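Peer 1: Just so we're aligned, residue 3 is where the sequence shown starts under our numbering, counting upward by one. Note that the Cβ used here is the ideal one computed from N, Cα and C, for glycine as well. Computed from a prediction, not measured in an experiment: that's the story for all the values here. This structure is in structure tokens; I'll ask about it shortly.
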Amino acid sequence: HTVRNAYAKLESDGLVATRQGWGTEVLALDIFRVAESVTKIRSHTIGMIVPSLYHSVYHDLLRGVQEIADNDQSMIFVCNTQDQSTQAWRYLNQFLSKGVDGVIVASEDIEQYQPENSNLPLSESLGIPYVSIDTPKSKGYTVNIDLENVGYQATNHLIQHGHRRIGLITYGFGTLDYRLEDLGYKRALDEAGIEVDPELIFPVQSFSSADGKLAADNLLKLPQLPSAIFAISDSMAVGAVQAIQSAGLSIPEDIALISFNDIPLAPMLNPPLTTFSMPGYQMGVEAMTMLGDLIQGKKTQQREIILPTPLVRRQSCGCPLD
3 HTVRNAYAKL ESDGLVATRQ GWGTEVLALD IFRVAESVTK IRSHTIGMIV PSLYHSVYHD
63 LLRGVQEIAD NDQSMIFVCN TQDQSTQAWR YLNQFLSKGV DGVIVASEDI EQYQPENSNL
123 PLSESLGIPY VSIDTPKSKG YTVNIDLENV GYQATNHLIQ HGHRRIGLIT YGFGTLDYRL
183 EDLGYKRALD EAGIEVDPEL IFPVQSFSSA DGKLAADNLL KLPQLPSAIF AISDSMAVGA
243 VQAIQSAGLS IPEDIALISF NDIPLAPMLN PPLTTFSMPG YQMGVEAMTM LGDLIQGKKT
303 QQREIILPTP LVRRQSCGCP LD
């Protein structure tokens with residue numbers, strides 16, 4: 003009787019199916035059924051999913067989330083996907099089964115797992131509040147930056163310095179957010195009447211300095227060198243600095259360089275790196291504040307918050323130090 007009751011409970015939870023004469027089969031996990039079964043009592047725990055613990059931006063992000071979460075003594079559980087989106091979905095399943103009060107997901111498109119026949123945001127389908135960070139076009143509550151504008155402003159800044167042959171070091175997997183930076187790059191060139199040269203666009207497979215160096219090395223092999231390079235992350239730009247200087251060229255005299263993130267290393271490079279500042283800490287504060295309101299049942303009219311990314315002028319593109 004005990005075994006029979008256990009099987010009946012597993013079947014009622016949607017975990018197994020029993021057919022007479024065939025036996026019992028373990029079913030695929032239905033995350034939405036799990037969400038319905040978890041307790042609605044506050045656990046004062048928050049799940050947070052990030053693609054990396056290596057990048058300083060996510061350290062700043064976590065610091066902002068933690069500061070707001072501490073106000074009601076909520077505990078943060080952090081999972082690192084190591085840039086594998088399938089891991090993000092698995093961690094979300096686990097957070098739901100543990101009964102967290104809400105989830106924050108950074109730079110991962112969880113919406114892709116929403117059932118095709120549903121017009122609801124994923125957060126409403128899951129039954130718990132969910133806020134995304136750095137995920138353009140999200141249907142739910144989100145905190146973003148205008149990445150297309152970053153690409154546009156970075157390229158336009160180089161154009162204002164007189165550059166017309168501008169290389170682009172970008173991310174090769176074509177995720178939406180970094181495609182937006184590419185679009186900004188192309189829009190700035192188009193407005194200036196400069197034809198986009200595919201040879202000047204070099205995609206790589208990671209944001210590492212090693213891949214940034216690889217991309218810059220290839221740009222430096224072109225018969226006509228670029229006079230400037232826009233790298234979509236500072237870590238890539240670090241590698242580009244190594245490649246340019248190893249080739250016996252000077253920055254910015256021979257090749258100007260501009261980037262995005264403003265990591266702690268940026269002002270310590272030689273020359274200091276001109277870059278756009280990523281508001282990681284403020285994104286964490288805004289996301290956790292929004293999530294906290296949703297957990298308490300407060301309705302917010304602003305489903306998307308877009309934060310500014312100020313330009314930090316330094317010497318790598320020819321600007322004097324601020």
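Between the alpha carbons of Ile231 and Val240, how many angstroms are there, rounded?
Peer 2: 12 Å
Peer 1: If we ignore side chains and look at the alpha-carbon of each, how far apart do Ser211 and Asp62 end up?
Peer 2: 20 Å
Peer 1: Taking DSSP as the reference, what is the three-state secondary structure of Met290?
Peer 2: Note: Met290 maps to helix in three-state DSSP.
Peer 1: Apart from the five residues just before and just after Ala19, which ones in its own chain have a Cβ nearer than 8 Å to its Cβ?
Peer 2: Glu13, Thr26, Glu27, Leu29
Peer 1: Is Val5 helix, strand or coil by DSSP?
Peer 2: Note: Val5 maps to helix in three-state DSSP.
Peer 1: I'd like the ranges of any alpha helix (DSSP H) spanning at least 4 consecutive residues and lying wholly in the region 38-62.
Peer 2: none
Peer 1: For Glu27, report the span of its alpha helix (DSSP H) as first-last.
Peer 2: Careful: Glu27 lies outside any alpha helix (DSSP H), inside the beta strand (DSSP E) at 25-28.
Peer 1: Let me know if Ile43 comes out buried or exposed under the rule of 16 or more other beta-carbons within 10 Å of its beta-carbon.
Peer 2: exposed
Peer 1: What residue from Glu183, Gln226, Gln155 has the CA that sits closest to Asp199's CA?
Peer 2: Gln226
Peer 1: Please check the pair Val105 and Tyr132, which I expect to be a contact at CB under 8 Å, by giving their CB distance rounded to whole angstroms.
Peer 2: 5 Å
Peer 1: In chain order, what residues of the same chain lie with their CB nearer than 8 Å to the CB of Tyr60, ignoring the 5 residues before and after it?
Peer 2: Val52, Pro53, Ser54, Ala108, Gly282
Peer 1: By how many angstroms is the C-alpha of Leu128 removed from the C-alpha of Lys100?
Peer 2: Near 13 Å, if we compare the C-alpha coordinates of Leu128 and Lys100.
Peer 1: Nearest CA to the CA of Tyr154: which residue from His163, Gly186, Lys215, Asp295?
Peer 2: Gly186
Peer 1: Is any non-hydrogen atom of the ligand MN found closer than 7 Å to the C-beta of Ser134, if you look at the structure I gave you?
Peer 2: Only the bare structure without any ligand can be found here, which leaves the ligand MN out of the picture.
Peer 1: State the beta-bridge partners of Ser134 as determined by DSSP.
Peer 2: In the DSSP output, where bridge partners are listed per residue, Ser134 has Val107, Thr144.
Peer 1: For Ile257 versus Ile265, is the C-beta spacing smaller than 8 Å?
Peer 2: no
Peer 1: Buried or exposed, going by whether 16 or more other CB atoms sit within 10 Å of the CB of Gly49?
Peer 2: buried
Peer 1: Short of 8 Å in beta carbon distance, which residues of its chain neighbour Glu150, apart from the five on each side in sequence? Order them along the chain.
Peer 2: Leu182, Glu183, Leu185, Gly186, Arg189, listed in sequence order.
Peer 1: For the beta strand (DSSP E) holding Ala19, just list the boundary residues, first then last.
Peer 2: 18-21
Peer 1: Decide if Met296 is buried, meaning its Cβ has at least 16 other Cβ atoms within 10 Å, or exposed.
Peer 2: A small fix is needed here, since residue 296 is Leu in this sequence, not Met. Residue burial is scored here from C-beta neighbours: Leu296 has at least 16 other C-beta atoms within 10 angstroms and is therefore classed as buried.
Peer 1: For Ala10, count the other beta carbons within 10 Å of its own beta carbon; 16 or more makes it buried, fewer makes it exposed. Which is it?
Peer 2: exposed
Peer 1: Which of the three DSSP states, helix, strand or coil, is assigned to Glu158?
Peer 2: Residue 158 is actually Asn in this sequence, not Glu. Three-state DSSP puts Asn158 in a helix.
Peer 1: Measure the alpha-carbon distance for Leu224 versus Gly250 and round it to whole angstroms.
Peer 2: 16 Å
Peer 1: Entirely within the region 248-291 and at least 3 residues each: give me those beta strand (DSSP E) ranges in chain order.
Peer 2: 258-263, 276-279
Peer 1: Express the C-alpha separation of Ser248 and Gly214 in angstroms, rounding to a whole number.
Peer 2: 14 Å
Peer 1: Would you say Tyr173 and Ile130 are within 8 Å of each other, going by their C-beta atoms?
Peer 2: no
Peer 1: Given a cut-off of 8 Å, decide if Asn146 and Glu306 are closer than it, judged by their beta-carbon atoms.
Peer 2: yes
Peer 1: Where does Glu201 sit, in a helix, a strand or coil, going by DSSP?
Peer 2: In the three-state DSSP reduction, Glu201 falls in the helix class (H, G or I).
Peer 1: How far does the beta strand (DSSP E) with Thr311 in it extend, from its first residue to its last?
Peer 2: From DSSP, Thr311 is part of no beta strand (DSSP E); its letter is neither H nor E.
Peer 1: Output the boundary residues of the alpha helix (DSSP H) element that contains Ala90.
Peer 2: 87-99
Peer 1: In terms of residue numbering, what span does the alpha helix (DSSP H) encompassing Asn73 cover?
Peer 2: That residue, Asn73, is in no alpha helix (DSSP H); it is neither H nor E in DSSP.
Peer 1: Is Val102 helix, strand or coil when you go by DSSP?
Peer 2: coil
Peer 1: Thinking just about the alpha-carbon of each residue, which of Gln244, Gly66, Ile171, Gln207 is nearest to the one in Leu221?
Peer 2: Distances from the alpha-carbon of Leu221 to those of Gln244, Gly66, Ile171, Gln207 put Ile171 closest.
Peer 1: Grab me the residues of Trp91's own chain with a C-beta within less than 6 Å of its C-beta, minus the 5 sequence neighbours each way, in chain order.
Peer 2: Tyr115
Peer 1: Between Ser208, Ala289, Gly164, which has its C-alpha nearest Ile196's C-alpha?
Peer 2: Nearest to Ile196 by C-alpha distance, out of Ser208, Ala289, Gly164, is Gly164.
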